[in-house]
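Enquirer: Residue numbers (mature numbering (1 follows the signal peptide of the UniProt record, and there is no 0)): -22 to -1, 1 to 208.
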């Protein structure tokens, strides 16, 4: 056998051995990132958003989210939601909503929740609810803060908050100061206004939840419940 033939045979044997070794080696698969977000990007967990089964939408109170094209809610949507949410204050609620739209226009979010607290002259408010938007999902919120003015005693009542000029849900988690002289009351329903930068909140309350008069307190909205109003 010539040297070239022997070398060729050796090369063939070496190639075969290499192939066999590769076939015996275990296949290693790189782990893939979990969740909906691409690798290296943040994917919000369930704790960042309201549980759909625990929202007022699941109970039939929230709006059907008709497409307005600009992410805002119409007067008809807000009235329909409020009538289902509050119940027996239809006439007064409708007038208050008309006042709000005349003053501030169409909201791009609203909160449905419940509030408790109260005292004469100086009191505290604590509440929790769900922020609804058309283009940024639903988010559970909590609020607390002192209330200075003529308060109607302790209460536990439903509250609807119209939200204006909210660019992203994170802006709701802040402290909002009451707008002096903004209270409006008719037919057992009242509305006041709070503001922070460009964001305006308009809480609507009825019955024992009303706190009007010299109400110039503030409310602090948070992601988690807290008893500290400051």
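All C-beta atoms in this analysis are idealised placements derived from N, C-alpha and C, irrespective of residue type, glycine included.
Alpha carbon to alpha carbon, how far is residue 61 from residue 72?
Expert: Spanning the two alpha carbons is a distance of roughly 8 Å.
Enquirer: For residue 79, does the three-state DSSP call read helix, strand or coil?
Expert: Correct three-state label for residue 79: helix.
Enquirer: I'd like the list of long-range same chain contacts for residue 37, defined as Cβ closer than 7 Å, with 5 residues on each side in sequence excluded.
Expert: Per-residue confidence for residue 37 stands at a pLDDT of 49, beneath the threshold of 50, marking its modelled position as unreliable; no derived number is given.
Enquirer: Among 59, 121, 139 and 144, which has the Cα closest to the Cα of residue 171?
Expert: The shortest Cα separation from residue 171 among 59, 121, 139 and 144 belongs to 139.
Enquirer: CA-CA distance, residue 144 and residue 111?
Expert: Between residue 144 and residue 111, the C-alpha separation is close to 9 Å.
Enquirer: Count the other CB atoms, across all protein chains shown, that sit within 10 Å of the CB of residue 54; report buried if there are 16 or more and exposed otherwise.
Expert: By the neighbour-count rule (16 or more Cβ atoms within 10 Å), residue 54 is not buried but exposed.
Enquirer: Are residue 135 and residue 93 touching if we call contact CB-CB under 7 Å?
Expert: Closer than 7 Å, so yes.
Enquirer: Take residue 203 as the anchor and find which of 142, 85 and 107 has the nearest alpha-carbon.
Expert: Out of 142, 85 and 107, 107 has the C-alpha closest to the C-alpha of residue 203.
Enquirer: Look at residue 195 and residue 123 and say whether their C-beta atoms are less than 7 Å apart.
Expert: Contact: yes.
Enquirer: Suppose the cutoff is 6 Å on Cβ atoms and the five residues either side in sequence are ignored; what does the same chain contact list for residue 160 look like?
Expert: So the list reads 170 and 171, once near-sequence residues are dropped.
Enquirer: If you measure between the beta carbons of residue 166 and residue 184, is that distance less than 7 Å?
Expert: It is a contact, given that the beta carbons lie within the stated cut-off.
Enquirer: With a 10 Å radius around its C-beta and 16 neighbouring C-beta atoms as the bar for buried, classify residue 210 as buried or exposed.
Expert: Residue 210 lies beyond the stretch modelled for the chain, which goes from -22 to 208, so this question has no answer here.
Enquirer: Bridge partners for residue 111 per DSSP, in chain order?
Expert: DSSP, once it has assigned bridges, lists no residue as partnering residue 111.
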